[in-house]
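Novice: Going letter by letter, the sequence shown gives residues 154 to 539 in our numbering.
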Amino acid sequence: MPSAIALTPVTIALSTDSHSAPAEPPISANQSAQSGWRGLINAYRRYLPVTDQTPVITLHEGNTPLIPVPTIAAAIGRDVRVLVKYDGLNPTGSFKDRGMTMAISKAKEAGVKAVICASTGNTSAAAAAYARRGGIRAFVLIPDGYVALGKLAQALLYGAEVLAIKGNFDQALHIVRDMSEHYPVTLVNSVNPYRLEGQKTAAFEVVDALGDAPDWVCIPVGNAGNITAYWMGFCQYHQEQRCTKLPRMMGFQAAGSAPFIAGHPVEHPETLATAIRIGNPANWERAIAVQHASQGSFAAVTDAEILEAYRLLASNEGIFCEPASAASVAGLLKVKDQIPTGATVVCVLTGNGLKDPDTAISHSDNQLKHGIEPDLGIVAKAMGFE
Ligand code: F0G
154 MPSAIALTPV TIALSTDSHS APAEPPISAN QSAQSGWRGL INAYRRYLPV
204 TDQTPVITLH EGNTPLIPVP TIAAAIGRDV RVLVKYDGLN PTGSFKDRGM
254 TMAISKAKEA GVKAVICAST GNTSAAAAAY ARRGGIRAFV LIPDGYVALG
304 KLAQALLYGA EVLAIKGNFD QALHIVRDMS EHYPVTLVNS VNPYRLEGQK
354 TAAFEVVDAL GDAPDWVCIP VGNAGNITAY WMGFCQYHQE QRCTKLPRMM
404 GFQAAGSAPF IAGHPVEHPE TLATAIRIGN PANWERAIAV QHASQGSFAA
454 VTDAEILEAY RLLASNEGIF CEPASAASVA GLLKVKDQIP TGATVVCVLT
504 GNGLKDPDTA ISHSDNQLKH GIEPDLGIVA KAMGFE
């Protein structure tokens, strides 16, 4: 089992004493159904840096399903249990809502009037939705031409001020970090510590659903905030004795944007999975610390492998995630020989497939049959009935 001792570099802002707090029973699906789920800050308040004075800006995010995917388990060919944490079912369609409810609530508490982020799309959608709900202005910088259509539509309609720069995510992040130091705008990328505090609740939910931590967590890696946040969550629950073990954190990057595998920043990252088209992750040191503490590893998956997993999840399991999310399943299939028999594996599906209809249509094996006359016989024939 990975060691909880070597956690210090990543267990940031954990104020809870591991021995003094009595373990509360997990929040069951029944309880949440009876009282109504009111978002992750209300559900996990005692684990989060909020007070009674913090205005909770929420869209009732979190409480997303952990779904068994037996055909993926079967493809591994041994006795393993595989589940997906489908965070694409959050209010704006990605895991970013978990971080943004915290970041925007704390910004509101501090009297902030405007927030800013760089984004490959999902952060911008979540920042825009939560900021506007909190009555705050949202500025977002995106790489021009490399943001999936649905995400762009969201940011615009939620009312963000969207600036498309002639550059990539890494360049956009550099600018917004500078901006937040020189202008009255608060940064809500994952270098904002409240983002990770919110995102760690996904690990709590996984443990609450399984009754313990899984053996492995497979997760797509871009700016490396989410892998850090999951680890924080597992460690905090472990310290509180809510789980008996810690998982190995297995991070997967797209082959054309894989700085952790290269061992250095990638100047011109490329991948069809635009959400993780990142060459210089802001949470670099933290992610490496997570890898060491959890005895995990990083690996690269090609766009072809990502697309294969993306299609498998949709057509065999009925789960439509975005390409970047499918990197977790592609990665699992790639390193399947390393999985111990009997292991429980959770793959994180970070975003909803509806965000990127262009990729779905252009990379589906299944094509539309056009131009069919509205006639019973003709339709039946087109269906293969004689
Ligand atoms: N999956 C999706 C769908 C994402 O949008 C992102 C990151 C990741 C995985 C990687 O998470 O950065 O915490 O390692 N998207 C950011 C954005 C960069 O701007 O929306 P990470």
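Just so it is clear, CB atoms sit at the ideal spot from N, CA and C, and this is done for glycine as well.
At the 9 Å Cβ level, is Ala411 part of the contact set with chain C, yes or no?
Specialist: Absence of chain C from the displayed structure is noted, only one protein chain being present.
Novice: On the three-state DSSP scale, how would you describe Asn404?
Specialist: Per the sequence shown, residue 404 should be read as Gly rather than Asn. Of the three classes helix, strand and coil, the one that applies to Gly404 here is strand, per DSSP.
Novice: Please check the pair Thr462 and Ala479, which I expect to be a contact at CB under 8 Å, by giving their CB distance rounded to whole angstroms.
Specialist: Inspection of the sequence shows that residue 462 is occupied by Ala rather than by Thr. About 4 Å separates the two Cβ atoms, so the contact holds.
Novice: How long is the line joining the alpha carbons of Tyr347 and Thr254, rounded to whole angstroms?
Specialist: 9 Å
Novice: Would you kindly report the start and end of the unbroken alpha helix (DSSP H) that includes Lys261?
Specialist: Lys249 to Glu262
Novice: Could you pull out every residue in the same chain whose Cβ sits closer than 6 Å to the Cβ of Asn345, ignoring the five residues on either side in sequence?
Specialist: Ala256
Novice: What are the boundary residues of the alpha helix (DSSP H) that Phe413 is part of?
Specialist: That run of the alpha helix (DSSP H) goes Pro412 to Ala415.
Novice: Which runs of the alpha helix (DSSP H) spanning at least 4 residues fall entirely within the segment 337-397, listed in chain order?
Specialist: 346-352, 354-363 and 378-392
Novice: For Gly484, does the three-state DSSP call read helix, strand or coil?
Specialist: helix
Novice: Quick check on this structure: which residue in Met385, Asp509 and His516 has the alpha carbon closest to the alpha carbon of Tyr299?
Specialist: It is Asp509.
Novice: Quick check: what's the CA-CA separation for Glu458 versus Val315?
Specialist: CA-CA distance, Glu458 to Val315, rounds to 32 Å.
Novice: How about the segment 232-249 and the segment 470-488: do they share at least three Cβ pairs that are nearer than 8 Å?
Specialist: Counting Cβ pairs under 8 Å, three or more are found: they touch.
Novice: Runs of 4 residues minimum, wholly inside the segment 263-320: which ones carry the alpha helix (DSSP H) assignment?
Specialist: 275-286 and 302-311
Novice: Given the structure, does Lys487 come close to the ligand F0G, in the sense that its CB is under 8 Å from one of the ligand's heavy atoms?
Specialist: No, the Cβ of Lys487 stays beyond 8 Å of every heavy atom of the ligand F0G.
Novice: Roughly how many angstroms separate the alpha carbons of Asp518 and Gln324, rounded to a whole number?
Specialist: 35 Å
Novice: Would you call Val532 buried or exposed, if buried means 16 or more other Cβ atoms sit within 10 Å of its Cβ?
Specialist: exposed
Novice: Find the nearest neighbour of Ala282 within the set Ala263, Ala308, Gly264 and Ala267, judged by alpha-carbon distance.
Specialist: Ala308
Novice: Looking at Thr585: is its Cβ nearer than 9 Å to the Cβ of Asp240?
Specialist: This structure cannot speak to residue 585, because the chain is shown only from 154 to 539.
Novice: Please classify Pro493: does DSSP put it in a helix, a strand, or coil?
Specialist: DSSP places Pro493 in coil when its eight states are reduced to three.
Novice: Counting pairs of Cβ atoms below 8 Å between the segment 376-384 and the segment 420-435, do you hit three or more?
Specialist: yes
Novice: Take the Cβ of Arg251 as the centre, count every other Cβ of all protein chains shown within 10 Å, and call the residue buried at 16 or more, exposed below.
Specialist: buried
Novice: The ligand F0G and Val268: does any heavy atom of the ligand fall closer than 8 Å to the residue's C-beta?
Specialist: No, the beta carbon of Val268 sits no closer than 8 Å to any heavy atom of the ligand F0G.
Novice: Alpha carbon to alpha carbon, what distance is there between Ile441 and Cys500?
Specialist: 19 Å
Novice: At what residues does the beta strand (DSSP E) containing Phe451 begin and finish?
Specialist: Ser450 to Val454
Novice: So is Gly351 buried or exposed if we call it buried at 16+ other beta carbons inside 10 Å?
Specialist: buried
Novice: Taking 8 Å as the cut-off, does the segment 402-419 touch the segment 364-373 (at least 3 CB pairs, one atom from each stretch)?
Specialist: Yes, they touch.
Novice: In chain order, what residues of the same chain lie with their CB nearer than 7 Å to the CB of Val338, ignoring the 5 residues before and after it?
Specialist: Only residues of its own chain outside the window of five on either side were considered, and among them Ala267, Val268, Ile269, Phe292 and Met332 have a CB closer than 7 Å to the CB of Val338, listed in chain order.
Novice: Quick one, are the C-beta atoms of His516 and Leu465 less than 9 Å apart?
Specialist: Their beta carbons are not under 9 Å apart, which means His516 does not touch Leu465 by this criterion.
Novice: What residue range does the beta strand (DSSP E) around Pro418 cover?
Specialist: It is not in any beta strand (DSSP E) - Pro418 carries neither H nor E in the DSSP assignment.
Novice: Per DSSP, Asn505 is paired with what?
Specialist: Partner(s): Cys474.
Novice: Starting from the C-beta of Pro178, find all residues in its chain whose C-beta is less than 7 Å away, skip the five residues before and the five after it, and write them out in chain order.
Specialist: Only weak support is given to the placement of Pro178: the predicted model assigns it a pLDDT of 49, under 50, and the value that follows is read from those uncertain coordinates. Excluding residues within five positions, none has a Cβ falling inside 7 Å.
Novice: I'd like to confirm the pairing. Which residues does DSSP put opposite Lys522 in its beta bridges?
Specialist: Looking at the DSSP assignment, Lys522 forms no beta bridge with any residue, so it has no partner.
Novice: For Pro221, which beta-bridge partners are listed by DSSP?
Specialist: Its beta-bridge partners are Leu236.
Novice: Looking only at its chain, what residues have a beta carbon closer than 8 Å to the beta carbon of Leu242, apart from the 5 residues adjacent to it on each side?
Specialist: Thr217, Pro218 and Asn505
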